Amino acid sequence: MSLLATGLTAADLWGLFAQFLVLSLLAVGGAITTAPEMHRYVVDQHHWISDAQFTASVAIAQAAPGPNVLFVAVIGWNVAGPLGALATMIGILLPSTALSLWATRWGHARRDTRGVRAFTIGMAPLTLGLLLVTGWLLAGPAAGHLGAMLLVAATALVMSRTQLSPMWAVAAGAVVGATGFA
Amino acid sequence: MPLTDMSATTLPECQAPRSLSELFFAFNRMALQGFGGVLAVAQHELVERLNWMTREQFVEMLAISQVLPGPNVVNLSLMFGDRHFGLRGAFVALAGMLLVPLFIVLALTALYAQYAAHPMVSGALRGMGAVAAGLVISTALKLSTTLKKSAMGVPLGLGFALVTFVAIGLLRWPLVWVLLGLGTLAVATAWYRLGRKA
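Structure representation (structure tokens):
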């Protein structure tokens, strides 16, 4: 059975949902850290959306107000419309929400123990590495375009050294792109 | 309006959300101000404007939400709501954070599909995509300063970050195996270091 005009079957949709359920529990440091794995699944493996569509999904969510996790809903929407958005969003939120509620009190009571501290300290560098991977993948479409590459570098440089609102950088990127320089 | 304060505590006075609707609209307001991330706005609103928590409480809650999987700001909403109104509060805070922005972002996506062919729109999106990449990289750079305070030490911390980058970014290994393998090694290292310090 084919859903909408996307050619996705119900089994595909369940697969998408299951994939995001698993990713939810791996998203230490935020949903964006699992973007490389989402990219591998929906772009490289299944070819449901293109590389440019994937990057645009993240860009739209970044440009819009609200938590960055909403890029997950946009990816789902681009893969299979409203049902896709529901599948990815509920998938990414359900396990981590359940775990969060259960673990809040547990972790809060034991936040000074060696085990909890070792977990936090040990996972921190991996989270940083994953953030870099995400930036690297998002910069992919910019490769070969001088204006876009300069935009990536300038944003990384300026925003890591200032407390400027990301809103200004996004607006500047839109203007530079709309006038044909990216 | 004067409220009778029955608990004469020595702790710094904090307000609290008085109703579920107040909780909802506070988190909704935060979300709608958050372009490219809500965390900075959340700190400003919860600590400075509403005075619903102290800075210390905020840092503590953020630390736990960073340990847990899931978006930090989503975990933060859940925890804050849960502390004040239990399970209902957790879901009301989460709804406040996600509901309205979800409709905005999907409306933008639908509009984008309609205007994607327009050269100015596709150009703007390309520029915004480049900026999104730069923003994520800048966040990684900013957060890398936390390694200085880590019990793991800067060289080991940078080493683990670099190996993660190479394994997933360049070699494209599946995340789950890298987290299980390298993550276990990193946590074990931290455990050992903490033991030696004590």
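In order, the protein sequences belong to chains A and B. Note that our numbering numbers the first sequence so that position 29 is 30, with each residue one more than the last. Note that our numbering numbers the second sequence so that position 43 is 111, with each residue one more than the last. Glycine is no exception: its CB is placed at the ideal position from the N, C-alpha and C atoms. Model, not experiment: these values are computed from the prediction.
What residue does the alpha helix (DSSP H) around residue i start on, and which one ends it?
i                 : result
Gly-145 (chain A) : Taken as a continuous stretch (DSSP letters only), Gly-145 (chain A) belongs to no alpha helix (DSSP H), as it is neither H nor E.
Asp-150 (chain B) : 140 to 183
Thr-121 (chain A) : 115 to 139
Pro-187 (chain B) : 187 to 211
Ser-97 (chain A)  : 72 to 110
Glu-90 (chain B)  : 88 to 101
Glu-116 (chain B) : Where Glu-116 (chain B) is concerned, there is no enclosing alpha helix (DSSP H), given that its DSSP letter is neither H nor E.
Thr-34 (chain A)  : Unbroken run through Thr-34 (chain A): none, as it is neither H nor E.
Pro-167 (chain A) : 167 to 179
Pro-223 (chain B) : 222 to 232
Gly-16 (chain A)  : 11 to 27
Asp-52 (chain A)  : 52 to 64
For the ligand NAD, I want to know if residue i counts as a neighbour, meaning its beta carbon is within less than 7 Å of at least one of the ligand's heavy atoms.
i                 : result
Arg-106 (chain A) : Absence of the ligand NAD from the depicted structure is noted, as is the absence of any ligand whatsoever, leaving it without description.
Residue i to residue j, Cα distance in whole Å?
i                 : j                 : result
Ala-161 (chain B) : Gly-145 (chain A) : 43 Å
Thr-77 (chain B)  : Ser-101 (chain A) : Because Thr-77 (chain B) sits at a pLDDT of 39, beneath the cut-off of 50, its placement in the model cannot be relied upon, and the following sentence gives the value as read from the coordinates. Taking the straight line from one Cα to the other gives about 30 Å.
Thr-180 (chain A) : Ala-149 (chain A) : 12 Å
Gln-101 (chain B) : Gly-263 (chain B) : 43 Å
Ala-192 (chain B) : Val-159 (chain A) : 20 Å
Pro-66 (chain A)  : Arg-123 (chain B) : 24 Å
Gly-141 (chain A) : Ala-125 (chain A) : 25 Å
Val-176 (chain A) : Gly-202 (chain B) : 16 Å
Met-168 (chain A) : Leu-9 (chain A)   : 35 Å
Val-255 (chain B) : Ala-229 (chain B) : 13 Å
Ala-181 (chain B) : Val-234 (chain B) : 34 Å
Gly-116 (chain A) : Leu-94 (chain A)  : 26 Å
Leu-174 (chain B) : Arg-41 (chain A)  : 23 Å
Ala-74 (chain A)  : Thr-35 (chain A)  : 14 Å
Ser-89 (chain B)  : Asp-113 (chain A) : 34 Å
Ala-60 (chain A)  : Leu-118 (chain B) : 31 Å
Tyr-260 (chain B) : Gly-227 (chain B) : 17 Å
Val-23 (chain A)  : Gly-31 (chain A)  : 14 Å
Gln-54 (chain A)  : Leu-165 (chain A) : 28 Å
Val-189 (chain B) : Ala-57 (chain A)  : 11 Å
Report buried or exposed for residue i, applying the criterion of at least 16 other Cβ atoms within 10 angstroms of its Cβ.
i                 : result
Thr-232 (chain B) : buried
Pro-68 (chain A)  : buried
Asp-150 (chain B) : buried
His-186 (chain B) : exposed
Tyr-183 (chain B) : exposed
Phe-171 (chain B) : exposed
Pro-70 (chain B)  : Any reading at Pro-70 (chain B) is ruled out, since the residue's pLDDT is 41, under 50, leaving its predicted position unreliable.
Glu-116 (chain B) : exposed
Asp-13 (chain A)  : buried
Gln-20 (chain A)  : buried
Gly-62 (chain A)  : The residue you asked about is not Gly; residue 62 (chain A) is Ala in the sequence shown. Buried: at least 16 other Cβ atoms inside 10 Å.
Thr-72 (chain B)  : Confidence is the limiting factor: at Thr-72 (chain B) the pLDDT is only 40, short of 50, which leaves the residue's position unreliable and the question unanswerable from this model.
Hey, is residue i's beta-carbon within less than 8 Å of any beta-carbon in chain D?
i                : result
Pro-85 (chain B) : Among the chains of the structure shown, chain D does not appear; the protein chains present are A and B.
Exercise for review: Determine, using beta-carbon pairs with one atom in the stretch 91 to 102 of chain B and one in the stretch 210 to 227 of chain B, whether at least three such pairs fall under 8 Å.
Suggested key: Proximity of the stretch 91 to 102 of chain B to the stretch 210 to 227 of chain B falls short of the contact definition, fewer than three beta-carbon pairs being nearer than 8 Å.
**Study point:** the stretch 181 to 200 of chain B: positions lying closer than 7 Å to chain A by Cβ
**Key:** Contact residues of the stretch 181 to 200 of chain B toward chain A are Met-188, Gly-191, Ala-192, Leu-193, Arg-194, Gly-195, Met-196, Gly-197, Ala-198, Val-199, Ala-200 (C-beta to C-beta distance below 7 Å).
Practice item. Pull out every residue of the stretch 129 to 146 of chain A whose Cβ sits closer than 9 Å to any Cβ of chain B, in chain order. Key: Residues passing the 9 Å Cβ filter: Leu-129, Gly-130, Leu-131, Leu-132, Leu-133, Val-134, Thr-135, Gly-136, Trp-137, Leu-138, Leu-139, Ala-140, Gly-141, Pro-142, Ala-143, His-146.
Check your understanding: Does the pairing of the stretch 34 to 50 of chain A with the stretch 78 to 91 of chain A give three or more beta-carbon distances under 8 Å?
Key -> At 8 Å Cβ cutoff, the stretches touch.
Review point. Listed from N- to C-terminal order along the chain, which residues in the stretch 235 to 251 of chain B have their beta-carbon within a distance smaller than 9 Å of any beta-carbon of chain A?
Key: The stretch 235 to 251 of chain B vs chain A, Cβ under 9 Å: Ala-235, Ile-236, Gly-237, Leu-238, Arg-240, Pro-242, Leu-243, Val-244, Val-246, Leu-247, Leu-250, Gly-251.
Exercise for review: Count the CB pairs spanning the stretch 244 to 261 of chain B and the stretch 90 to 105 of chain A that are closer than 8 Å, and state whether there are at least three.
Suggested key: Flag = no, the stretch 244 to 261 of chain B and the stretch 90 to 105 of chain A do not touch.
**Study point:** Contacting positions in the stretch 86 to 113 of chain A - beta carbon closer than 9 Å to chain B
**Key:** Close to chain B, meaning a Cβ-Cβ distance shorter than 9 Å, are the following residues of the stretch 86 to 113 of chain A: Ala-86, Met-90, Ile-93, Leu-94, Pro-96, Ser-97, Thr-98, Leu-100, Ser-101, Leu-102, Ala-104, Thr-105, Arg-106, Gly-108, His-109, Arg-112.
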